[in-house]
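Novice:
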Amino acid sequence: IDKACMVLHSLIRGGKWEEWKLSTRLIIDAYHYINHRVTDYVCRKWCNPAPMDGSAPNLVISTTRPDGSTEHRCAFNSQAAEQLNAWISGHQPILKRMTVPNFLWYVLVLLFLHARVVEQRTAKRDQRASAMGDGG
């Protein structure tokens, strides 16, 4: 979340961070992380989307290049997650009035239908690209 640093600092001020850090990782989008203050050590340590210190191995993929060197990259597409969150936020007026079971059902169906639309759009794009590659 974009506000992860503020949530983190709030937990620290409230004396709750020691309890929360055992089970919680407050990660911000890689794009936003670049703009966070270098002087904010706490944010840079605990909100890093791709820590290279081994503290979150599920967030970083390491691969060996043909020349033998190691390449590290983010394991998750946080930009896609940002876009999906922005899209879902358009449904907030409806969602915030729902009971938990209705909310969960609505979001499940919403994501299912959205995935179908994205798959259809991708298939059409691939068909057009294929047709253009065939000389059409």
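Quick note, the sequence shown lines up with residues 1 to 136 if you use this note's numbering.
C-beta atoms are modelled at their ideal positions from N, C-alpha and C, and glycine is treated no differently.
(1) Does DSSP put residue 72 in a helix, in a strand, or in coil?
(2) Have a look at residue 38 and residue 48 and give me their C-alpha separation to the nearest angstrom.
(3) Could you check whether residue 32 and residue 43 sit closer than 7 Å to each other, using their CB atoms as the reference points?
(4) Check whether the Cβ atoms of residue 30 and residue 78 sit closer than 7 Å, and answer yes or no.
(5) Under the rule that 16 or more other beta-carbon atoms within 10 Å means buried, what is residue 131, buried or exposed?
(6) Return the bridge partner residues of residue 137 from the DSSP annotation.
(7) Going by the beta-carbon positions, is the gap between residue 113 and residue 103 smaller than 7 Å?
(8) Tell me whether residue 44 sits in a helix, a strand or coil according to DSSP, three-state version.
(9) Please check the pair residue 40 and residue 74, which I expect to be a contact at CB under 8 Å, by giving their CB distance rounded to whole angstroms.
Specialist: So, to answer that:
(1) Here residue 72 refers to the residue found at position 72 of the sequence shown. In this structure, residue 72 counts as strand in the three-state DSSP scheme.
(2) Here residue 38 is taken as the residue at index 38 of the sequence shown, counted from 1. Here residue 48 is taken as the residue at index 48 of the sequence shown, counted from 1. When rounded, the distance between both Cα atoms is 12 Å.
(3) Looking up residue 43 in the sequence shown gives position 43. Looking up residue 32 in the sequence shown gives position 32. No, they are not a contact pair.
(4) Reading the sequence shown from its first residue, position 30 is the one you call residue 30. Reading the sequence shown from its first residue, position 78 is the one you call residue 78. Result yes, Cβ atoms of residue 30 and residue 78 sit closer than 7 Å.
(5) Taking the sequence shown and counting its residues from 1, the one referred to as residue 131 is at position 131. It is exposed - the Cβ of residue 131 has fewer than 16 other Cβ atoms within 10 Å.
(6) This structure cannot settle anything about residue 137, because the visible part of the chain is limited to 1 through 136.
(7) In the sequence shown, the residue the question calls residue 113 occupies position 113. In the sequence shown, the residue the question calls residue 103 occupies position 103. Result no, Cβ atoms of residue 113 and residue 103 do not sit closer than 7 Å.
(8) Position 44 of the sequence shown, counting from 1, holds the residue named residue 44. The answer is helix: DSSP assigns residue 44 an H, G or I state.
(9) Taking the sequence shown and counting its residues from 1, one reaches residue 40 at position 40. Taking the sequence shown and counting its residues from 1, one reaches residue 74 at position 74. Contact doesn't hold; Cβ gap of about 20 Å is too wide.
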